[in-house]
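Here is the structure we will look at.
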Amino acid sequence: MRIIKGLENYHKGRPLSLALGNFDGVHLGHQKLIKLNIRDAKERGTIAAALIFEPHPLRVLYPERTPRMLISTSRKIELFTLLGLEMVIQTPFTLEIARLIPEYFARHVLHETLGVASVSVGFNYTFGHKGMGTPETLKHLGQEIGFAVNVVPPVMVGEQVVSSTLVRQALEAGDIDWAYKLLGYWPMLEGEVIEGERRGGKIGFPTANLKIDEDLIVPGEGVYAAKALVRGEVHNAVVNIGKKPTFHNTYPVTVEAYILDFHRVIYGETIRLYFMKRIRGEMKFSGVEQLVTQIHQDVAQAQRVLADTRFRAF
């Protein structure tokens, strides 16, 4: 994978087959688009690439309406690599970019700067000032300027059109099964292990507390069966997301993982949690004894879930 940071740092060579979009989550719809783009590149003898703007355009245009992202940019690029893209051009989204009319974007960015042979977009793709450009606009401009346009129709799961918004709603509700069906892979959080209150160790269940990027969505409060990737090894885990109501009246949401059969100190290390199923909602207990009893039950249930569930990172 070749990563180009900034349009000004791209130097035209072999023509591009370019996937356009934000690709938050790289869900099944995005995957279909990227696979089509890769197939198109192979047929044309071009480079299979994607152009992504960072940050998300809403952060620049309507920051108060910006949702939390499903994945980080680094995770997005990792998934692009696994799908088979050869290049990602990552460029800042600015007010100047936002003000470009569709024709200028097609002619000066896609044609003159990037030299595309073809572009692939989703059925609901918009571009240019105030989102005036549509796939039909792009098709018309492509015919006029000299590049092909592929438009990917909606991808359905059941009767629902797969979208980043739908995945976000599933995660907020703690519905991991539904999120998995929309994404095509298990939802994942990655973060640095930081010091917590050290209460878990005192009751026999030491946890790894994760520092999560505040721009990323966290599944709804509750207890989850998960896989933990630590130092390249996969372990079973029980993850609690919540505000610790047994010990606090008010407390920020934390993500802490009890990694089964794991006894190493990993403060300062980055680990991944792959969520497989929500076991229960967050509960307030009468005391430590009741909490410990419930944790034993959670561990047993998580082990049953994880034994019956096929795991793959992507």
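If you're matching positions, the sequence shown starts at 48 in the numbering used here and goes up one per residue. All C-beta atoms, glycine included, are put in the ideal place defined by N, C-alpha and C.
Whether Phe140 touches Glu101 by CB criterion (8 Å): yes
Continuous beta strand (DSSP E) stretch holding Asn256: start and end: Ala255 to Lys258
Return the bridge partner residues of Gln207 from the DSSP annotation. Val204
Short of 8 Å in beta carbon distance, which residues of its chain neighbour Thr340, apart from the five on each side in sequence? Order them along the chain. none
Exposed or buried, what is Thr212 when buried is set at 16 or more other beta-carbons lying within 10 Å of its beta-carbon? exposed
Nearest to Val202 (by Cα), restricted to the options Val168, Lys123, Glu336 and Ala273: Val168
Quick one: what's got a C-beta closer than 6 Å to Ile51's C-beta in the same chain, skipping five residues either side? Tyr57 and Ile136
Does the contact criterion of 3 or more C-beta pairs under 8 Å hold for the stretch 249 to 260 versus the stretch 209 to 227? no
So what does Lys52 bridge to, in DSSP terms? Gln137.
For the pair the stretch 180 to 196 and the stretch 112 to 121, tell me if three or more CB-CB distances fall below 8 Å. Verdict: no, contact absent.
Please say whether Val302 and Val265 have beta carbons closer to each other than 8 Å? yes
Taking only the alpha-carbon atoms, compute the straight-line gap between Ile99 and Asn171 and give it to the nearest angstrom. 16 Å
Met323 versus Ala164 - alpha carbon distance: 41 Å
Starting from Glu191 and walking both ways along the beta strand (DSSP E), at which residues does that stretch end? Per DSSP, Glu191 belongs to no beta strand (DSSP E); it is in the alpha helix (DSSP H), Pro182 to Ile192.
State the Cα-Cα distance for the pair Tyr232 and Glu55, rounded to the nearest angstrom. 34 Å
Quick one: is Arg215 near chain D, going by C-beta distance under 8 Å? Included in the structure is just one protein chain, with no chain D present.
Which listed residue (Ala97, Gly53, Asp222 and Val240) has its alpha carbon closest to that of Asp260: Val240
Which residues in the same chain have their Cβ closer than 6 Å to the Cβ of His310, if we skip the five residues on either side of it in sequence? none
Taking C-beta to C-beta, are Ala95 and Glu133 nearer than 8 Å? For Ala95 and Glu133, yes; Cβs fall inside 8 Å.
So, with DSSP's three-state summary, where would you put Arg327? strand
What would DSSP say about Lys177, mapped onto helix, strand or coil? helix
Write down every uninterrupted run of the alpha helix (DSSP H) in the stretch 215 to 261 whose length is 4 residues or greater and which is fully enclosed by it, in chain order. 223 to 230 and 246 to 249
Helix, strand or coil: which one does DSSP assign to Thr301? strand
Going by CA-CA distance only, name the one from Gly60, Leu80 and Glu244 that's closest to Thr160. Among Gly60, Leu80 and Glu244, the Cα nearest to that of Thr160 is on Gly60.
Can Ala153 and Val107 be called in contact, C-beta distance under 8 Å? no
Below 8 Å between beta carbons: does that hold for His103 and Ile148? no
Beta carbon of Asp345 nearer than 8 Å to that of Val285: yes
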